[in-house]
Every structure is written in C-alpha cells, then in structure tokens.
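Peer 1: Okay, so the sequence shown: first residue is 53 according to our numbering, each after it adds one.
Cβ coordinates follow ideal geometry from the N, Cα and C atoms, glycine included.
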Amino acid sequence: MPAPNIAQIAYQTIQQGKTLAGLAHKGVTTKLMELMVPAAMPNIQPVSKEVLNELRNSISALEKRDWLEAEQGVYPKSQLFNSPWLEWASRYPLIWLDLPSTWGRRISKRTRDIPKNIDKKNYPDYYLQNFHHQTDGYLSDHSAELYDLQVEILFNGTADSMRRRVIAPLQRGLKRFNKRSTGSLRVLDIATGTGNTIKQIKSAIPDIELIGLDLSEAYLREANRSLNNNNKLLVQLIKGNAEKLPFADGSIQGVTCVYLFHELPQKARQNVLKECWRVIEEGGILILADSIQLSDSPKFKPVLENFQKVFHEPYYRDYLNDDIEKRLKDAGFQAITAESHFMTRVWKATKPIAKSS
Ligand SMILES: C[S@@+](CC[C@H](N)C(=O)[O-])C[C@H]1O[C@@H](n2cnc3c(N)ncnc32)[C@H](O)[C@@H]1O
Numbered sequence: 053m054p055a056p057n058i059a060q061i062a063y064q065t066i067q068q069g070k071t072l073a074g075l076a077h078k079g080v081t082t083k084l085m086e087l088m089v090p091a092a093m094p095n096i097q098p099v100s101k102e103v104l105n106e107l108r109n110s111i112s113a114l115e116k117r118d119w120l121e122a123e124q125g126v127y128p129k130s131q132l133f134n135s136p137w138l139e140w141a142s143r144y145p146l147i148w149l150d151l152p153s154t155w156g157r158r159i160s161k162r163t164r165d166i167p168k169n170i171d172k173k174n175y176p177d178y179y180l181q182n183f184h185h186q187t188d189g190y191l192s193d194h195s196a197e198l199y200d201l202q203v204e205i206l207f208n209g210t211a212d213s214m215r216r217r218v219i220a221p222l223q224r225g226l227k228r229f230n231k232r233s234t235g236s237l238r239v240l241d242i243a244t245g246t247g248n249t250i251k252q253i254k255s256a257i258p259d260i261e262l263i264g265l266d267l268s269e270a271y272l273r274e275a276n277r278s279l280n281n282n283n284k285l286l287v288q289l290i291k292g293n294a295e296k297l298p299f300a301d302g303s304i305q306g307v308t309c310v311y312l313f314h315e316l317p318q319k320a321r322q323n324v325l326k327e328c329w330r331v332i333e334e335g336g337i338l339i340l341a342d343s344i345q346l347s348d349s350p351k352f353k354p355v356l357e358n359f360q361k362v363f364h365e366p367y368y369r370d371y372l373n374d375d376i377e378k379r380l381k382d383a384g385f386q387a388i389t390a391e392s393h394f395m396t397r398v399w400k401a402t403k404p405i406a407k408s409s
C-alpha cells in the first residue's frame, strides 16, 4: 500500500480532530445533564470495548473509502476540506444556549412542541414533532441554523463522509443516460434539509440539473443560502411532501434521499418509494441512504438501541427492523444492492425498462 501523502495526512488529522471534538462535546454535555437535570438522563445500555473497537474500525474504513473515491475522481478532493469552520464556530454557542430547552422537553416528555405560527394542516401529523428533541422540530430558522453542527457532533464529524457515499452509485446509475448531455439530466434530492447532499453532488457532477425538496421552508432557506450564493447553476428548492412529489411521471433520471426513512412511519416510507418510482424515468435510479439496521449490522445493536433512547426518534425502532429491500421491490424497483458505511446504509435501486409488447 502506498504511504499516505501530506494531503491525506491533513485529511485524516482533520477527521480525527472532528471525532475528538464531537466526543468531547457529548462527554461534557452528558456530565452536565447528569449534574443539573438527572431526571433527563436516558437509561442507556453500556457499550462494550469490543463494540467501541468495531466502531473505530468502521470510522477508519469510512475515511479510507472517502479518500480513495476522491483520488479516483468521483468528487474533487477539495470537498474533503471545505467544512464551514467559521460558521460552525459562530453557531456553536447557540447549541449550548439551546440545551436548557432541550432538557426541559426531555424531562416533561414534550415531543410536539412546535411553533405556534405553524399551520398544522399543511403537514402530515407524523412530521409535527421534535425529532431528536430539536427545538421547534424542523419548523424554524433557529432549528435550521443549528442542524448541521448538531449532526456533525452526533456522528463525530463523519456526516459528510457518510453522505458522500451516495455519489459513486449515483454516477454509475446515470451512466445509462450518457448519450444525453449532462445538462439535460435531472437529479432530485428528497428531504434535502439544509442541502448538504446536493452540495456534494453539485461539486461532483457540476452541470446536472439539481432539485431539492423538503417539507421545511426554514431548512430550504438555509439550503438556499449555501447552495445559491455564486454564479454557478441554480439549484431549485421546492417545498413539498415526499409522499406526493410535484413532478411528472418519468421526468427525473436520479433520485437521492438521505436520512429521511428512519423518521417516517411505515406507510409513509412505502408512499415515498412509490412516488420515487413514479417520477423516475425507466432505467433511472434511486439512491437511498439511512441508518444501518439490525439485520446488516447486528454487532452495533446496543449503539442503535441507545440512539432511540437518547433522542426522540418515534419511528426508529420500527425502522431498525424494516425490510427496505422488500419495500423497494414492492414499489417496482429492481437490481437492488446495498452497502454499509459506519452508521449509514446505502441502497441503489433501478427502475426497470418496461418490455415493449
Ligand atoms: C434527518 S433530516 C435529513 C436532512 C438531509 N437529507 C441531511 O442529510 O441532513 C430529515 C429531513 O426530512 C424532512 N422531511 C421529513 N418528512 C418529510 C416529508 N414527508 N417530505 C419531505 N421532507 C420531509 C425534514 O424536514 C428534514 O429536513
């Protein structure tokens, strides 16, 4: 194996720094919670040394893959270094200021503490909750401002590396359309949130038409700030429900969907897949990324079970045992493959070309 070069060492050092920062933040805030609001402490199970070792190995495999695919030109290496440090530094104090209200909701088990100005009839009932005990749920600028940093901390700095795992299968899937110009191809990112996956796809496949859809206007505003701040191709951001996509049948060549399914009830999961199948052109692909599950990663069982005890994730227990491959098949997808990368499982599924009669 060739010795790592300086850029690779820099990348590894940054990632290790992020991991340590994430662990330190969680360690300190947990201690503080224990001291100040013991009633808010979740009843989690201990994680053995063996499992911790497995987690470390899994992060290290993810980093290697992240670097390798950059070397192979799947995406520019600059992606690995463009964390918004200044923004994170300016938002970090807000995470601390937000802690007391998060603890308050935990203690009183308030999980539907949504801003008063929200017109509830515009959202599915399952959505109107404080996922991860998030202040305002997904429904305020304050929540959108904190989200990226919170996810970085949660995943110890690996969130972007895990999201990047959708790019290679997306590129492979789009090859089917390589007789067309890249600009004529449309990729839709469902539940785009603050737009991190789109940002990565945009830098890897710059000429493609990109559309992001999410139910949260506030998150889309945040996405717009970071995606459409230069003269590059405009990313279209649409407020909508993934269960009822506002696109014509067969009008999209690739759909990505990252970290949505564990926050949906079963019926909604199937509705989303049905809609993906409808809007994807024959031969097109769906790349789905979400939490690993018990069937593919039984060794991480205690970690996965603890996650739902620490955070308000009302559909996660059900998701952990759900058969996503069957759901994809039921929706009509074929050629289904799946891979796990640390805490994320990535499924690739194709909409088959109908045989002409
Ligand atoms: C955990 S976040 C993931 C965001 C983003 N994909 C990422 O990688 O960070 C879940 C996102 O799904 C959105 N969402 C939840 N239910 C939705 C639905 N039915 N239709 C569209 N968006 C939905 C939320 O507003 C939120 O932005």
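1) Spatial neighbours of Glu-269 within its chain, please: C-beta separation below 7 Å, excluding the five flanking residues on both sides.
2) Could you tell me whether the Cβ atoms of Leu-340 and Ala-383 are closer together than 8 Å?
3) Using the three-state DSSP reduction, which class does Ser-349 fall into: helix, strand or coil?
4) Using C-beta distances below 6 Å, list every residue in its chain close to Ile-388, excluding the 5 sequence neighbours before and after it, in chain order.
5) Tell whether a beta-carbon distance below 8 Å holds between Leu-237 and Glu-261.
6) State the start and end residues of the unbroken beta strand (DSSP E) segment that holds Gln-252.
7) Could you spell out the range, first to last residue, of the alpha helix (DSSP H) harbouring Gly-306?
8) Alpha helix (DSSP H) containing Leu-380: first to last residue?
9) Quick one: what's Asp-194 bridged to in DSSP?
10) Find the nearest neighbour of Gly-156 within the set Arg-369, Ala-91, Gln-386, judged by alpha-carbon distance.
11) Alpha carbon to alpha carbon, what distance is there between Ile-66 and Pro-145?
12) Report back the beta-carbon spacing between Asn-358 and Gln-97 to the nearest angstrom; my notes put them in contact at under 8 Å.
13) So is Phe-394 buried or exposed if we call it buried at 16+ other beta carbons inside 10 Å?
14) Give the straight-line distance between the Cα atoms of Glu-315 and Ala-300, rounded to the nearest whole angstrom.
15) Looking at C-beta atoms only, is the number of pairs between the stretch 159-173 and the stretch 228-248 that lie closer than 8 Å three or more?
Peer 2: This is what the structure holds:
1) Numbered from 1 along the sequence shown, position 217 holds the residue referred to as residue 269. Excluding positions up to five away in sequence, the list reads Lys-291.
2) Residue numbering aside, residue 340 sits at position 288 when the sequence shown is read from its first letter. Residue numbering aside, residue 383 sits at position 331 when the sequence shown is read from its first letter. Contact flag unset, no.
3) On the sequence shown, residue 349 is found 297 positions in, with the first residue counted as 1. Looking at Ser-349 - three-state DSSP - the assignment turns out to be coil, as it is neither helix nor strand.
4) Locating residue 388 in the sequence shown gives position 336, counting from the first residue. Here the set comprises Glu-377, Leu-380, Ala-401.
5) As a working note, residue 237 is residue 185 in the sequence shown. As a working note, residue 261 is residue 209 in the sequence shown. Contact: yes.
6) On the sequence shown, residue 252 is found 200 positions in, with the first residue counted as 1. Run containing Gln-252: none in the beta strand (DSSP E); it sits in the alpha helix (DSSP H), 248-256.
7) Mapped onto the sequence shown, residue 306 falls at position 254. Premise fails: Gly-306 lies in the beta strand (DSSP E), 304-310, not in any alpha helix (DSSP H).
8) Along the sequence shown, one-based indexing puts residue 380 at 328. Note, Leu-380: alpha helix (DSSP H), 376-383.
9) Within the sequence shown, the letter at position 142 stands for residue 194. As written in the sequence, residue 194 is His, which differs from the Asp given in the question. In DSSP, His-194 forms no bridge with anything.
10) Position 104 of the sequence shown holds residue 156. The shortest Cα separation from Gly-156 among Arg-369, Ala-91, Gln-386 belongs to Ala-91.
11) Stepping through the sequence shown from its first residue, residue 145 is reached at position 93. Stepping through the sequence shown from its first residue, residue 66 is reached at position 14. The alpha-carbon atoms of Pro-145 and Ile-66 are separated by roughly 21 Å.
12) The residue you call residue 358 lines up with position 306 of the sequence shown. The residue you call residue 97 lines up with position 45 of the sequence shown. So it is a contact: roughly 6 Å between Cβ atoms.
13) As a working mapping, residue 394 is identified with position 342 in the sequence shown. Buried: at least 16 other Cβ atoms inside 10 Å.
14) Here residue 315 is taken as the residue at index 263 of the sequence shown, counted from 1. Here residue 300 is taken as the residue at index 248 of the sequence shown, counted from 1. Cα to Cα, the separation comes out at about 26 Å.
15) no
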